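Reading the sequence shown from the start, the letters are residues 5 to 289 in the working numbering. We put the beta carbon where it would ideally sit given N, CA and C, even for glycine. As the structure is a computational prediction, the values presented were derived from the model and not from experiment. Scroll down for the structure; my scribbles are underneath it.
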Amino acid sequence: MEQYEPLEIIGTGSFGLIRKVRRKTDGKILARKEIDYRRMNEKERNQLSAEFSILCELDHPNIVRYYDRHVDKINCMIYIIMEYCEGGDLSSIIKKCKKEGTFLSENTIWHFFTQILRALHECHYGYGKNKCGSNHSQQHITILHRDIKPDNVFLGSDNKLKLGDFGLSRKLNLDREFAQTYVGTPFYMSPELITESLYDVKSDIWSLGCLLYELCALQPPFQAKSQPVLAIKISTGTISPIPSRYSDELYNIIKAMLMVDPNKRPTTMELIKMLNPNKDIAYRE
Ligand code: ADP
Ligand code: MG
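Quick look at the structure:
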């Protein structure tokens, strides 16, 4: 850790601080998650190390890049070095709009959406890079983010959006993936095994739908003062329309992602196909 000069604190996470650091070798500015693991139970420690091994496999322009990890056993600290996202997170952009009484332009919303969609597509259908010591060749991995929300989408110094905070994410069991993909028809596979995995990928789609809705309406689609009431609202899936300044195309894509039946929600693959290709080119600028 002596290679990194500590700079100011940029955020507080559930496990500890996020600090800006400068890499001494080349002056590069990076972010460091500083985690005190003394108060963590074994499950949380395992979760943390799982987070890191998942992140090592992801190498995509729209996903926060993870570089290095260091364990300081004497002080019970874990340091995770990652890409520094200087533009903050999407929740602060939403807050700013609300405060100023403005809305994001439709172009900006499509631009944001395509980037988060690409990141999620990489998680759901990407190929692991196996940078963390595994000597397998590239293999298909399915990573569920499980906590997609405005606070976990960052703005990088390259002006790109970055999906981050994989603290709750989980890699689908590889054996199961192989069973489905490579060992012929799994005649004896139980329904819950199938629906569970389908449901999980589609829950990320649901969250993505909520995020897209909030970018338009500047508030989440489902809100309530208590959890039981919220659960009822979510299970009916009824939403108020987004502001009329936005197109039907945008509203329709949100409604598709917020279908109560997970089977009816599009996959990232289908969403990418649904996006108007001309638009996609324009948003790449
Ligand atoms: P938690 O698991 O507690 O939600 P996060 O990883 O989301 O922790 O980090 C908490 C906050 O710290 C974020 O909302 C963001 O403001 C800031 N932050 C986290 N990672 C970075 C980063 N790589 N670059 C810049 N800011 C970051
Ligand atoms: Mg977070």
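- Give the secondary structure of E9 by DSSP, where H, G and I count as helix, E and B as strand, and everything else as coil. Of the three classes helix, strand and coil, the one that applies to E9 here is strand, per DSSP.
- What three-state label does DSSP hand T185 in the structure shown? Summary for T185: the model assigns pLDDT 42, below 50, so the residue's position carries little reliability; its value from the coordinates is reported in the next sentence. If DSSP states are grouped into helix, strand and coil, T185 belongs with the helices.
- Message: Any beta carbon of chain D sitting closer than 8 Å to that of K277?
- Response: No chain D appears in this structure, which consists of one protein chain only.
- Message: Please report the straight-line C-alpha distance between R23 and S211, rounded to a whole angstrom.
- Response: 28 Å
- Item | Residue(s) in a DSSP beta bridge with K291 | In the structure as shown, the chain starts at 5 and stops at 289, and residue 291 therefore has no counterpart that could be examined.
- Message: Helix, strand or coil for H144? Go by DSSP, reduced to three states.
- Response: strand
- Query: Just the Cα atoms here: how many angstroms apart are K77 and Y41?
  - Reply: 10 Å
- Query: Under the criterion of a Cβ to heavy atom distance below 7 Å, does Y129 qualify as lining ligand 1?
  - Reply: Taking the Cβ of Y129 as the reference point, every heavy atom of ligand 1 lies at 7 Å or farther away.
- Per DSSP, which residues does I3 bridge with? Please list them. With the chain covering 5 to 289 only, the question about residue 3 has no answer from this structure.
- Could you say if the region 268-277 and the region 101-113 meet the contact criterion of at least three C-beta pairs nearer than 8 Å? no
- Item | Exposure label - D252; buried when at least 16 CB within 10 Å | Answer is exposed; the Cβ neighbour count stays below 16.
- Message: Looking at the strands, I want to know which residues DSSP matches up with D72.
- Response: I85
- Task: Could you have a look at V264 and say whether DSSP puts it in helix, strand or coil?
- Result: coil
- Item | Residues near H125 by beta carbon distance below 6 Å, same chain, minus five either side | T272
- Message: Here's the rule: buried if 16 or more other CB atoms are within 10 angstroms of the residue's CB, otherwise exposed. What is G31?
- Response: exposed
- Would you grab the beta carbon distance between E38 and M81 for me? Rounded to a whole angstrom, and I think it's under 8 Å. That belief holds up - the Cβ atoms of E38 and M81 are roughly 6 Å apart, short of 8 Å.
- Message: Am I right that L222 and I120 are in contact with their C-beta atoms under 8 Å? What's the rounded C-beta distance?
- Response: With a Cβ gap of about 17 Å, L222 and I120 do not count as contacting.
- Task: Find out if the Cβ-Cβ distance for the pair E12, K28 is shorter than 8 Å.
- Result: no
- Using only the heavy atoms of ligand 1, determine whether one of them is closer than 7 Å to the beta carbon of Y88. yes
- Since L2 and I243 are thought to touch, with beta carbons under 8 Å apart, how far apart are those beta carbons, to the nearest angstrom? Residue numbering for the chain in the displayed model covers 5 to 289; residue 2 lies beyond these limits and cannot be assessed.
- Segment limits, alpha helix (DSSP H) that includes F116: E110 to Y129
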